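Please read the structure below before turning to the comments.
Numbering (UniProt numbering), first residue to last: 1 to 74.
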């Protein structure tokens, strides 16, 4: 079984959408973790543990957290 990371995103966010497309085109396996920006879910304490800046997109792979779309794409 291949290793899968968690991808936190909202498709209303252009950087989230661009990264989602890149992941899908690359057939990268990931766990969907949608964050509803319209419901302000990025400001919850639970999401603050994912990304202290409370922005999307973000990925989590075990204890490794990355939150800038350009950095994630690299």
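Just so it is clear, CB atoms sit at the ideal spot from N, CA and C, and this is done for glycine as well. Being a predicted model, the structure only gives us computed values, none of them experimental.
Reduced DSSP secondary structure (H/G/I, E/B, other) of residue 45 | Looking up residue 45 in the chain shown gives position 45. Reduced to three states, the DSSP call for residue 45 is helix.
Would you kindly report the start and end of the unbroken beta strand (DSSP E) that includes residue 6?
-> If you number the chain shown from 1, residue 6 lands on position 6. Counting along the chain, the beta strand (DSSP E) containing residue 6 begins and ends at 5-9.
Counting Cβ pairs closer than 8 Å, one from the stretch 17-24 and one from the stretch 33-44, do we hit at least three?
-> Under the three-pair Cβ rule at 8 Å, the stretch 17-24 does not count as touching the stretch 33-44.
Could you tell me the distance, in whole angstroms, from the CA atom of residue 73 to the CA atom of residue 59?
-> Looking up residue 73 in the chain shown gives position 73. Looking up residue 59 in the chain shown gives position 59. Those two C-alpha atoms are separated by around 11 Å.
Whose C-alpha, out of 55, 56, 70 and 51, is nearest the C-alpha of residue 64?
-> Taking the chain shown and counting its residues from 1, the one referred to as residue 64 is at position 64. Comparing Cα-Cα distances from residue 64 to each of 55, 56, 70 and 51, the minimum goes to 51.
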